[in-house]
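Student:
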Amino acid sequence: MSDELRGPDDDALGRRLVAELPRYTAPVRLRVSIVETTDRPRRPVWLMPLITAAATALALVLFMLPVLPRIAPADPVQQVVRAVVNEHSRALIWGARQPQILPAGLPWLTQETGIDLRRAFAGDDRLSLVGAEPVYLTRLRGVALHYRDVDGHLVTYVALPAERTFTMKERDRVAIAGRYRPMLARDSGFVSWVWKEGDIACFLVSDMASQDDLERFKDYFVRVRVATEPTIAY
Amino acid sequence: MADADFQRQTLQHLDALYNFAVYLTRNPPEADDLVQETYLRAFRFSHRFQPGTHLRAWLFQILRNTFLTFYRLRERETAIAEDGVPDWDVPMFHDTSTDEGGALEAHTDLERAMRRLPEEFRTVLLLAEVEGLPLEEVARVMACPVGTVKSRIFRAKERLRALLKDYEKK
Chain A
1 MSDELRGPDD DALGRRLVAE LPRYTAPVRL RVSIVETTDR PRRPVWLMPL
51 ITAAATALAL VLFMLPVLPR IAPADPVQQV VRAVVNEHSR ALIWGARQPQ
101 ILPAGLPWLT QETGIDLRRA FAGDDRLSLV GAEPVYLTRL RGVALHYRDV
151 DGHLVTYVAL PAERTFTMKE RDRVAIAGRY RPMLARDSGF VSWVWKEGDI
201 ACFLVSDMAS QDDLERFKDY FVRVRVATEP TIAY
Chain B
235 MADADFQRQT LQHLDALYNF AVYLTRNPPE ADDLVQETYL RAFRFSHRFQ
285 PGTHLRAWLF QILRNTFLTF YRLRERETAI AEDGVPDWDV PMFHDTSTDE
335 GGALEAHTDL ERAMRRLPEE FRTVLLLAEV EGLPLEEVAR VMACPVGTVK
385 SRIFRAKERL RALLKDYEKK
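For the record, the sequence lines run as chains A and B. To convert, note that position 34 of the first sequence is 34 in our numbering; the numbers rise steadily by one, no gaps. Each position in the second sequence, counted from 1, maps to that position plus 234 in our numbering.
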């Protein structure tokens, strides 16, 4: 056999490869396994790109969600509520920009905002006044009073001039203490009491959204409502 | 999706593919995996097969590409991981060391010599000489010109002769 290979006879080597090289046959289990695999129902070819595209789009939307502009509510009351809630959130995180002490700061607040607080709730055993400041919400100047209750909840009172479109829905009103019927508004996890006093729209905002907290929040509303009297100064 | 007739036709070449896979991988369990993967790909991309062309060559091409892309990559990663630098002389697939589970033992000098050939030479001999594929089909499987195939066959045989000569001396 060696003589054959030493020479230039390529055909001989080729023949030897065919004749002598062992051939391995596929095991039966491999054949069975392939048949079983191919018999299994498979997803259509177009499905995987579709799923991939949908998953990518979903991931992008979720990623962009925090920076997407929020849809403004159509209801004018709800729009103002959202602005008030945003102001409350800001105060909750950063505190008041220009905190004033009451009643000393009232004349300055009136001068700045055009809203005169004839009487202002200055705090009691449950709520303590943190500060007062002028605010500018939905292109309206107003007054904000920040309180903190004994449990640490920040409660914000806001008085703004009420526009003509500012009409509260009856179905959202809640009777409190048999005397008052403010509107209860919820936005972004916060709750607000909304009511009107003459030409002034008033808001009391807090994060006391649970059922138990809401009862206490009603009490805060009464305390603030009876002791605060805003009017348009000019 | 592959229809039943296509599946039946491809399964006729199972033994040839398995034989080729054993010589490429030098390890029957891995040859199993390679063949199975080849069939999965063939069925998945059955719409790309042009009827009238050589099905056998098409399957060999898939098998070799799968081997080169998947198995060789794995082998190279192992080689790099062990000593920190790439070792280009390592076998493309598992070597025939005796301590390795499932590794195939060579029965003849010819088989032993075949295993020592580089993958390009082994493939060209197996396809052209053992399986009897036309040179044009071998060129298609190996993605190279026919002239290169001829040259590789010549060099592969030269190398094979030299190896066999060495075995005889021993």
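All C-beta atoms in this analysis are idealised placements derived from N, C-alpha and C, irrespective of residue type, glycine included. Computed from a predicted structure; not experimentally measured.
Give the residues of chain A in contact with aspartate 266 (chain B), contact being defined as C-beta atoms less than 9 Å apart.
Tutor: What you label residue 266 (chain B) is simply residue 32 of the second sequence in a count that begins at 1. By Cβ distance, chain A contributes Ala26, Pro27, Arg29, Leu30 and Ser33.
Student: If glutamine 78 (chain A) and threonine 138 (chain A) are in contact, beta carbons under 8 Å, what's the gap, nearest whole angstrom?
Tutor: Counting from 1 along the first sequence, the entry for residue 78 (chain A) is found at position 78. Counting from 1 along the first sequence, the entry for residue 138 (chain A) is found at position 138. With a Cβ gap of about 11 Å, glutamine 78 (chain A) and threonine 138 (chain A) do not count as contacting.
Student: Which two residues bound the contiguous alpha helix (DSSP H) that contains glutamate 197 (chain A)?
Tutor: Start at 1 with the first residue of the first sequence, and residue 197 (chain A) comes out as number 197. No alpha helix (DSSP H) holds glutamate 197 (chain A); the beta strand (DSSP E) holding it covers 190–197.
Student: Valine 67 (chain A) CB to nearest chain B CB: under 8 Å?
Tutor: Reading the first sequence from its first residue, position 67 is the one you call residue 67 (chain A). Chain B, which has no Cβ nearer than 8 Å to the Cβ of valine 67 (chain A), makes this no.
Student: Any idea if tryptophan 94 (chain A) is buried or exposed, counting beta-carbon neighbours within 10 angstroms, 16 or more meaning buried?
Tutor: Position 94 of the first sequence, counted from the start, is the residue given in the question as residue 94 (chain A). Exposed: under 16 other Cβ atoms inside 10 Å.
Student: Would aspartate 116 (chain A) and arginine 223 (chain A) qualify as a contact pair, given that the criterion is a beta-carbon distance under 8 Å?
Tutor: For this step, residue 116 (chain A) is matched to residue 116 along the first sequence. For this step, residue 223 (chain A) is matched to residue 223 along the first sequence. Cβ distance not < 8 Å, so aspartate 116 (chain A) and arginine 223 (chain A) don't count as in contact.
Student: Are the beta-carbon atoms of proline 237 (chain A) and threonine 113 (chain A) separated by less than 8 Å?
Tutor: This structure cannot speak to residue 237 (chain A), because chain A is shown only from 1 to 234.
Student: Please compile the residues from chain B whose C-beta is within a distance smaller than 9 Å of the C-beta of threonine 52 (chain A).
Tutor: What you label residue 52 (chain A) is simply residue 52 of the first sequence in a count that begins at 1. Here the premise fails: no neighbours, minimum Cβ distance about 16 Å.
Student: With three or more C-beta pairs closer than 8 Å as the rule, is the region 275–294 of chain B touching the region 248–259 of chain B?
Tutor: Yes, the region 248–259 of chain B touches the region 275–294 of chain B.
Student: Out of A:Leu145, A:Phe166 and A:Arg141, point me to the one whose CA is closest to serine 128 (chain A)'s CA.
Tutor: For the purposes of this step, residue 128 (chain A) is taken as the residue at position 128 of the first sequence. It is A:Leu145 whose Cα lies nearest to the Cα of serine 128 (chain A).
Student: Could you have a look at tyrosine 220 (chain A) and say whether DSSP puts it in helix, strand or coil?
Tutor: Locating residue 220 (chain A) in the first sequence gives position 220, counting from the first residue. Of the three classes helix, strand and coil, the one that applies to tyrosine 220 (chain A) here is helix, per DSSP.
Student: Assign arginine 282 (chain B) to buried or exposed, taking buried as 16 or more other Cβ atoms, counted over all protein chains shown, within 10 Å of its Cβ.
Tutor: Counting from one through the second sequence, the residue named residue 282 (chain B) turns up at place 48. Arginine 282 (chain B) comes out exposed.
Student: Fully enclosed by the region 91–136 of chain A, which alpha helix (DSSP H) runs are 4 residues long or longer?
Tutor: Runs of the alpha helix (DSSP H) inside the region 91–136 of chain A: 106–113.
Student: At which residue ranges does the region 369–404 of chain B contain complete alpha helix (DSSP H) runs of 4 or more residues, listed in the order of the chain?
Tutor: As far as the region 369–404 of chain B is concerned, its whole alpha helix (DSSP H) runs of at least 4 residues are 369–376 and 380–403.
Student: Between leucine 245 (chain B) and chain A, is the shortest Cβ-Cβ distance under 8 Å, so that the two count as touching?
Tutor: Working through the second sequence from its first residue, we reach residue 245 (chain B) at position 11. So yes, leucine 245 (chain B) belongs to the interface.
Student: Between leucine 344 (chain B) and chain A, is any beta-carbon pair separated by less than 8 Å?
Tutor: As a first step, residue 344 (chain B) is located in the second sequence; it is residue number 110 there, counting from the start. Yes, leucine 344 (chain B) lies at the interface with chain A (some Cβ there is under 8 Å from its Cβ).
Student: In the region 390–403 of chain B, which residues sit with their C-beta less than 8 Å from some C-beta in chain A, listed in chain order?
Tutor: Going along the region 390–403 of chain B in chain order, one finds Lys391, Leu394, Arg395, Leu398, Lys399 and Glu402 with a Cβ nearer than 8 Å to chain A.
Student: Run through chain B and tell me which residues come within less than 7 Å of leucine 47 (chain A), C-beta to C-beta.
Tutor: In the first sequence, the residue the question calls residue 47 (chain A) occupies position 47. Under the 7 Å cutoff, chain B gives no residues; its nearest Cβ is about 11 Å from leucine 47 (chain A).
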